[in-house]
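For what it's worth, our numbering labels the leading residue of the sequence shown as 246, then goes sequentially.
Glycine is no exception: its CB is placed at the ideal position from the N, C-alpha and C atoms.
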Amino acid sequence: MWQTIGQERAVAVLSRALSEGRASHAYLFAGPPQVGKATAAIEFAQSLNCCGEDPPCHRCKQCHLIEEGKHPDVELISIGGLCEESGADHRDHSTDGSKEIRICQVRRLKRIASRAPFEGRYRVAIIDPADALNAESSNALLKTLEEPVPSLVLILVTSREEALLPTVRSRCRLVPFNTMPSAAIAKALAETWEVPPDDASLLARLSGGRLGWAVTAWVDETFLPARETVLEDAYRLTAAGRDERFAYANQLALRFSRDRENVFGVLELWQEWWRDVLLVAAGRPETVVNAGNLDRLALMGGKYTVEDIVSFLAALRKTRAYLLDNVNAQLALEVLLLQLPASRKERQLPDAASPAAVRSRD
Ligand SMILES: [Zn+2]
Ligand SMILES: [Zn+2]
């Protein structure tokens with residue numbers, strides 16, 4: 246039984262090929278990141294070698310060895326890794342900061358591929374991410390694709406199909422993978438990972454249809470609490486005075502000097518939060534991401550004009566661009582914090598956009 250979730254079409258193609266005894270010699274698993282391509286590649290390798298019923302049975306010796314990454318006939322070729330070229334420093338690329346799959350790794354694959362399977366029925370080589378093959382290694386792989394070995398199945402995995410050489414692509418059987426509807430993700434999280442309903446639906450909405458992303462976020466116990474803290478800050482700071490805003494900007498700037506990605510993550514979350522505020526202000530609360538915080542969103546949505554929210558969202562985007570451009574981070578963040586909109590009440594000005602203000606002008 247396949248355990249890959251939400252990729253029924255891909256699974257159908259693969260299991261049909263197996264049951265009809267006509268596996269292609271090369272497959273291209275293509276689709277968005279974190280939707281189950283790597284899981285399906287392992288399960289396909291298991292199916293090809295499984296000796297139980299309803300392959301992959303997940304119970305036989307073959308299935309177990311493959312699951313544990315210990316099967317002698319199943320090879321994962323990724324960035325970094327073994328290559329067998331001469332010279333002691335040239336045997337393992339996992340430590341040399343490699344960003345590509347090198348030709349020596351493909352040469353190693355070719356040597357291995359020419360041997361008969363040792364333990365199972367098929368040798369399976371999973372190349373993931375296949376878009377990391379450079380021009381040299383792609384061309385080396387092409388020869389293997391052109392002269393198929395009957396007991397060898399290649400699985401190329403990519404979320405950037407367009408980055409592969411057309412000649413490589415055309416020699417593989419394409420198996421497309423897709424994002425899942427968010428309701429299906431919430432269901433899978435609840436049923437398979439026992440995620441409580443509120444968390445499951447939040448993660449599902451955040452996942453962009455990628456179950457793998459949602460599961461990773463759930464397994465990382467710091468993810469949801471850290472997110473909650475950032476949203477808490479975003480809410481608190483709208484009512485904060487100058488000093489508190491400056492202190493927060495300083496703290497973010499300090500963090501930025503050590504961990505840029507973290508601060509970009511915070512800004513992204515703010516963007517998402519303020520987009521939700523905008524949706525509430527525009528009378529569409531049913532479409533917000535942070536449905537668990539609807540009370541707060543409603544409070545904020547009632548406090549600001551749509552124009553204010555839109556202009557703060559623009560300020561957020563601008564700040565992100567400045568930071569990417571390596572401007573003075575502290576200054577950029579201070580300016581951003583000062584641009585947090587003041588509520589209508591705080592400003593004590595008539596709201597030009599409100600129907601009352603328009604009427605009073607008549
Ligand atoms: Zn099995
Ligand atoms: Zn090498």
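Would you call the region 338-348 in contact with the region 320-327, where contact means no fewer than 3 C-beta pairs closer than 8 Å?
yes
For a test of your reading of the model: does the CB of ARG414 fall under 7 Å from any non-hydrogen atom of ligand 1? Yes or no.
Checking the Cβ of ARG414 against ligand 1 gives no.
By the three-class DSSP mapping on this structure, what secondary structure does ARG261 have?
helix
Could you tell me which of VAL369, LEU569, VAL460 sits nearest to PHE501, measuring between CA atoms?
LEU569
For ASP318, collect the residues of the same chain with a Cβ closer than 6 Å to its Cβ; drop the 5 residues on either side in sequence, then sort them by chain order.
PRO362, PHE363, GLU364, GLY365, ARG368
Is any non-hydrogen atom of ligand 2 found closer than 7 Å to the C-beta of GLU330, if you look at the structure I gave you?
yes
So what's ARG366 in DSSP terms, helix, strand or just coil?
coil
According to DSSP, THR403 sits in a beta bridge with which residue or residues?
Paired residue(s): ALA275.
In chain order, what residues place their C-beta within less than 7 Å of a heavy atom belonging to ligand 3?
The model depicted lacks ligand 3 and carries ligand 1 and ligand 2 instead.
Report the residue from VAL533, PHE289, LEU410 whose alpha carbon sits nearest the alpha carbon of ARG520.
VAL533
Express the C-alpha separation of PRO278 and ARG455 in angstroms, rounding to a whole number.
Within the model, the alpha-carbon separation for ARG455 versus PRO278 is close to 7 Å.
Give a single yes or no on whether ARG356 has its beta carbon closer than 7 Å to a heavy atom of ligand 2.
no
How would you call LYS548, buried or exposed, if buried means at least 16 neighbouring beta carbons within 10 angstroms?
buried
Following the continuous beta strand (DSSP E) through GLU320, name the residue where it begins and the one where it ends.
319-322
Assuming LEU558 is part of the alpha helix (DSSP H), what are its boundary residues?
Start and end: 551-569.
Return yes when the Cβ of LEU387 is within less than 8 Å of the Cβ of ALA370, no when it is not.
Cβ atoms of ALA370 and LEU387: not closer than 8 Å.
Quick one: using the 10 Å Cβ neighbour count with 16 as the cut-off for buried, is GLU320 buried or exposed?
Buried.
Could you pull out every residue in the same chain whose Cβ sits closer than 6 Å to the Cβ of THR564, ignoring the five residues on either side in sequence?
ALA577, LEU581
Could you tell me which of SER269, VAL522, LEU523, LEU497 sits nearest to VAL511, measuring between CA atoms?
LEU497
What does the Cβ neighbour count give for MET246, buried or exposed, with the cut at 16 atoms within 10 Å?
exposed
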